[in-house]
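Working notes, structure below.
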Amino acid sequence: MSTDLDNFRTETRAWLDANCPPEMRQPIRSEADICWGGRNWTFQSDAQRQWLEVMAERGWTVPDWPRDYCGGDLSAGEARVLKEEMQRIGARSPLTSFGISMLGPALLKFGTEEQKRHYLPQIARGEIRWCQGYSEPGAGSDLAGLQTKCEDRGDHWLVNGQKVWTSYADKADWIFCLVRTSSESKQGGISFLLFDMATPGVSTRPILLISGNSPFCETFFDDVKVPKDQIVGEVNKGWDVAKYLLGHEREMISGMGLGGGGSLGAAVKPQDRLLRAEIAAFDVDALAFAAMSERFAAMWKAGEAHPASPSMMKYAGTELNKRRNELAMAAGGSDALEWDTERSKGGKTPRDWLRSKGNSIEGGTSEIQLNIVAKHILRLPGA
Amino acid sequence: MALLTDDQKMLQETAASFLGAEGSIATQLRHWRDINCRDGFGHGLWKQLAELGLTGICIPESQGGMGLGATEAALVLEEVGRNLTPSPFLTTAVAAARAIEGTAHAERWCPGILSGDAVLALAVDEGPRHSPERTALEAARQGNGFLLNGAKQLVIQGGSADMIVTAARTAGSPGETDGLTLFAVPRDTTGLDVENVALVDGSKAARLAFDNVRLDADAVIGEVDGGWRPLSRALAAGSAGAAAELVGVASGASAMTLDYLRQRKQFGKLIGEFQALQHRAAHLYAEIEIARAAAFKAAALIDSADESAELFVSVAKAKAANVASLAVREGVQMHGGIGMTDEHDIGLYMKREAVLGELFGDVFYHRERVAALSGY
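The structure is reproduced here in C-alpha cells:
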C-alpha cells in the first residue's frame with residue numbers, strides 16, 4: 001500500500017516537474033494570478049492556460065472525482081500526495097472555482113446521471129464559471145426565509161426575485177440558486193435550480209465593500225425562464241442540497257484559518273515585547289488549528305467526523321483569520337494605513353484586514369455556526 | 001497519522017473502561033485526598049495499571065514493555081485526565097522512563113515499573129517557574145563520583161519515589177544546555193532531605209534539599225555533561241503527555257458542565273436553552289477539539305522523530321493548558337453556587353488544571369518557545 005503511494009509520489013513528482021510551468025510555481029501576488037476559468041476568462045499568460053490544460057487533461061483539477069466526469073479518480077491517499085507534491089514545488093492551483101468546491105460535490109451526491117455528465121466535465125475543464133445564489137435582502141442568517149419565486153409554467157420555470165452577496169455574479173456564466181417553489185412550508189418549499197446568467201431577465205450590480213473591492217453583487221431576476229430539467233434533487237427538497245453544499249462551503253472557508261501556513265511572528269518579526277507576546281499566543285492557536293485541519297480532513301474523508309463539524313471548523317478558522325489580520329495591522333503600524341501606494345502593494349494589509357471581517361459573516365455567521373454546534377453536536381435543549 | 005489504528009482504538013477503550021470504573025473521582029482522588037495519605041495516589045491502582053501492561057507502554061518490548069509511543073501514552077492520559085485519576089503514570093511511565101531509556105538504569109528500574117512496584121520521579125525545577133536550561137544544582141566531581149548541592153521543587157511524587165531522576169550541573173553556567181548531567185538518585189540517599197508537600201489538587205510533590213549528597217559515577221544517566229539530550233527527551237514526552245491529560249481534564253469538565261446545562265432549571269427553563277450559555281459551550285467544544293488535535297499531532301511527531309516535534313510539543317502544551325483553563329473556568333461559572341462547593345466535582349477539575357498547566361512549563365513558557373523556535 002505505502003509502496004504504491006511511494007511509486008505514485010515518484011511519478012507525480014516527475015510529471016509535475018515536467019509539466020508545471022516555472023511561472024506557475026511563483027507565489028500568488030494578486031487576484032489576477034488566480035485562474036477562475038469560464039467562458040469569458042482571459043488567461044493572464046500562456047503559462048496559466050497551459051497549466052490549466054495539462055492538469056484538466058489528467059483529471060487533476062478535480063483529483064478525487066470519478067474518471068467518467070473528467071476527474072482524476074485518485075484515492076484519498078493519492079490526492080493527498082498530489083497536494084503535497086504541488087505544495088513542495090509551490091505550484092499554484094490550476095483552477096479555482098465554486099463549481100469544484102461547492103456545486104460539484106452537490107451534483108455528485110444529488111444530480112441525475114445526465115446532469116453529472118453534462119455539468120461536471122465543464123466544471124473540471126474550467127469552461128463554465130459558477131456563482132452561488134443563496135442570500136437575499138430579507139434572508140441572511142435566516143436563509144430558509146428566502147422569497148425568490150419560482151413558478152411551474154408547464155414547459156419551463158419562471159423565476160422572479162433578488163439575491164445578494166452573490167460572489168462574482170458579474171463574472172459568472174451560470175448560477176446555482178435557491179428558489180421558492182412552494183409557500184406551504186418554509187424549508188420544504190425550497191428548490192435548487194441551475195441557470196445561465198445570460199438568460200434574459202438576469203442582471204447584476206456589484207457591491208462596493210469597506211475593503212474598496214467588489215467581490216460580491218446584487219443579482220436580480222425578472223421573469224427569467226429556466227428549462228425544467230435544470231433542477232437538482234427533487235422539487236421542494238432543495239434545502240437538503242443547500243445544507244450539504246453549505247457544509248462544503250464552510251469546510252472551504254475554514255481553510256483560511258491556515259493563513260497560508262506560515263508563522264505570523266516569523267513573517268512580521270514583532271519588535272514590541274507585548275505585541276510579540278500576543279503574536280506568539282496567536283501562533284500557538286494557528287498551529288493548533290492547522291493540526292485540527294489535518295485531523296478534520298482525515299476524519300471527514302473516513303466518515304468519522306460529525307456531520308455538523310464543518311460549522312465548528314468554519315467558526316474557528318474565520319475567527320482565527322480575523323485575529324491574524326488584526327495583529328498584522330498592529331505589527332504594520334502606520335505603514336498598514338496606506339491605501340493605494342505601490343510600497344503597500346495597493347494597501348494590501350488594510351484591505352485584507354477589512355475584507356476578513358466578512359469571513360465570520362459569509363457562509364453563515366459565527367453566531368449561526370455556534371447555534372448549529374449547540375444543537376446538533378452538543379444537543380443542548382431548545383437549541 | 002491523524003486517524004487512530006484499530007489497535008490504538010482498542011487501547012483507548014481499555015483505558016476508558018478501566019479508568020472510568022477503577023480510577024473514578026470517588027474511588028481514587030477523593031478517597032486518597034480525604035484520608036490525607038502520604039503519596040496522594042493508590043498503589044493498588046498502580047499495580048492494576050501494571051497488570052494491564054499500561055505502565056510499560058513506553059518501555060521497549062526487548063525489556064518486557066509494550067514498546068509503544070507518545071500517541072498511545074496520550075490515549076491513556078486523556079482518560080486519566082477525564083477521571084482525574086491520581087497515579088505515577090505520567091511522571092514514571094512516560095517522562096522518567098524516557099529519561100533512562102537505553103541506559104543501565106533502564107535495566108535496573110524497568111522491571112519495577114512493569115510490575116507496578118517502582119515509582120520514579122523527575123527533579124528539574126529549582127524555582128517557581130519551569131526553566132530547565134537554568135539548572136544550577138551543583139554536581140562537583142569528587143574522587144570517583146560526584147557531590148551534589150542545591151535544591152529542587154515540584155518533584156511530583158518525590159516523597160514516594162524509589163528513585164529520582166535529577167538534573168544537575170557538572171559544567172557551564174545556568175542558562176546553558178551544555179554541562180548538564182542526569183543522575184539517578186535513590187530517595188533514601190544520605191544528605192537528601194525530602195519535604196513532602198500537598199498541592200492544590202490533592203496530589204503530592206516534594207521539595208528536595210541536596211546537602212553534600214555523594215553519588216557514585218554509575219549514578220550518571222547517559223553521559224556526563226550530556227544530560228540535555230535525555231532530559232529534553234523526557235521533558236518532551238512529559239509535556240506532550242501533560243497536554244493529552246489536560247485535554248482529558250477539559251473534556252471531563254466540559255461533559256460535566258453540559259450535563260448540568262441539560263438539567264438545571266431557572267426561570268422555568270433548562271439553563272442550556274439560553275443562547276448566552278449555548279454559544280460559550282459551543283466555543284469551548286471547538287477549542288477542546290483543536291487542543292486534542294494539537295496534542296495528538298505533537299505525539300505523532302515525537303513518534304516519527306520529526307524535526308518539528310519540538311515546536312508542536314510546545315504548541316500542544318500551551319494550547320491544551322489554555323483550553324483546559326477555559327473549560328474549568330466556564331465549568332465553575334456555569335455551575336453557579338454548587339460549583340463553589342467542595343462537595344461537587346467540578347472544582348476538582350479546576351485544581352488539577354492548575355497543577356498540570358504548570359508542570360513541564362506553563363502557557364507562557366511554551367509560547368516563548370514557539371516564538372523562539374519560529375525565529376522571532
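Residue numbers (my numbering), protein chains in the order written: chain A, 1 to 383; chain B, 1 to 376. Where is the CB? At the ideal position from N, CA and C, for every residue including glycine.
Hey, could you find the ends of the beta strand (DSSP E) C58(B) is sitting in?
-> That residue, C58(B), is in no beta strand (DSSP E); it is neither H nor E in DSSP.
Are the beta-carbon atoms belonging to L337(A) and I279(A) less than 7 Å from one another?
-> no
Bridge-paired residues (DSSP) for F282(A) | F282(A) is not bridged to any residue.
Outcome for L208(A) when other beta-carbon atoms lying within 10 angstroms are tallied against a minimum of 16 = exposed
Whole-angstrom C-beta distance between S97(A) and W130(A), which should lie under 8 Å = 7 Å
So, is the C-beta of S254(B) closer than 7 Å to a C-beta in chain A?
-> no
Could you pull out every residue in the same chain whose Cβ sits closer than 7 Å to the Cβ of D170(A), ignoring the five residues on either side in sequence?
-> T204, P206 and C217
Pick out the complete alpha helix (DSSP H) segments inside the stretch 304–338 of chain A, 4 residues or longer, and give them in chain order.
-> 309–332
Is the beta carbon of D225(B) less than 7 Å from the beta carbon of T177(B)?
-> no
Going along the chain, which residues of the stretch 331–357 of chain B sit with their C-beta nearer than 7 Å to a C-beta in chain A?
-> none
Classify Q142(B) as buried or exposed, calling it buried when 16 or more other Cβ atoms lie within 10 Å of its own Cβ.
-> exposed
Out of curiosity, what's the CA-to-CA distance linking R125(A) and A237(B)?
-> 49 Å
Backbone secondary structure at E107(B) - three-state DSSP = helix
Which residues in chain B sit within 8 Å of V373(A), going by Cβ to Cβ distance?
-> A282, Y285 and A286
Near M1(B), which residues of its chain fall below 6 Å by C-beta distance, leaving aside the five closest residues on each side in sequence?
-> Residue placement at M1(B) is flagged as unreliable, the pLDDT there being 49, under the threshold of 50; a coordinate-derived value is accordingly withheld.
Using a Cβ-Cβ distance under 7 Å, would P307(A) count as near chain B?
-> no
Enumerate in chain order the residues of its own chain whose CB-to-CB distance from P186(B) is below 6 Å, with the five nearest sequence positions on each side excluded.
-> M163
Limits of the unbroken alpha helix (DSSP H) element including Q8(B) | D6 to E22
State yes or no: is the beta carbon of P137(A) nearer than 7 Å to at least one beta carbon in chain B?
-> no
Close beta carbons around G252(B), own chain, < 8 Å, minus the five adjacent residues each side | G81, R82, N83, L84 and Y349
Backbone secondary structure at A371(B) - three-state DSSP | helix
State the start and end residues of the unbroken beta strand (DSSP E) segment that holds Q230(A).
-> From DSSP, Q230(A) is part of no beta strand (DSSP E); its letter is neither H nor E.
Determine the DSSP secondary structure at W157(A), reduced to helix, strand or coil.
-> strand
According to the neighbour-count rule (16 or more other Cβ atoms, all chains shown, within 10 Å of its Cβ), is F18(B) buried or exposed?
-> buried
Listed in chain order, which residues of the stretch 314–326 of chain B have Cβ atoms closer than 7 Å to some Cβ of chain A?
-> V315, A318 and K319
For the stretch 263–280 of chain B, enumerate the residues whose C-beta is nearer than 7 Å to any C-beta of chain A, in chain order.
-> L270, G272, E273, Q278 and H279
Keeping to the same chain, check which residues put their C-beta closer than 7 Å to that of E79(B); ignore five residues upstream and five downstream.
-> A15, A16, L19 and G248
Could you please give me the residues that DSSP links to I25(B) through a beta bridge?
-> Note: I25(B) sits in no beta bridge, so no partner.
Residue nearest to E362(A) in terms of C-alpha spacing, selected from A331(A), T341(A), R324(A) and E319(A) | E319(A)
7 Å Cβ cutoff, V370(B) in contact with chain A | yes
Would a C-beta distance cut-off of 7 Å place L270(B) and P307(A) closer than the cut-off?
-> no
Compute the Euclidean distance between the alpha carbons of G336(B) and S232(B), then round it to the nearest angstrom.
-> 42 Å
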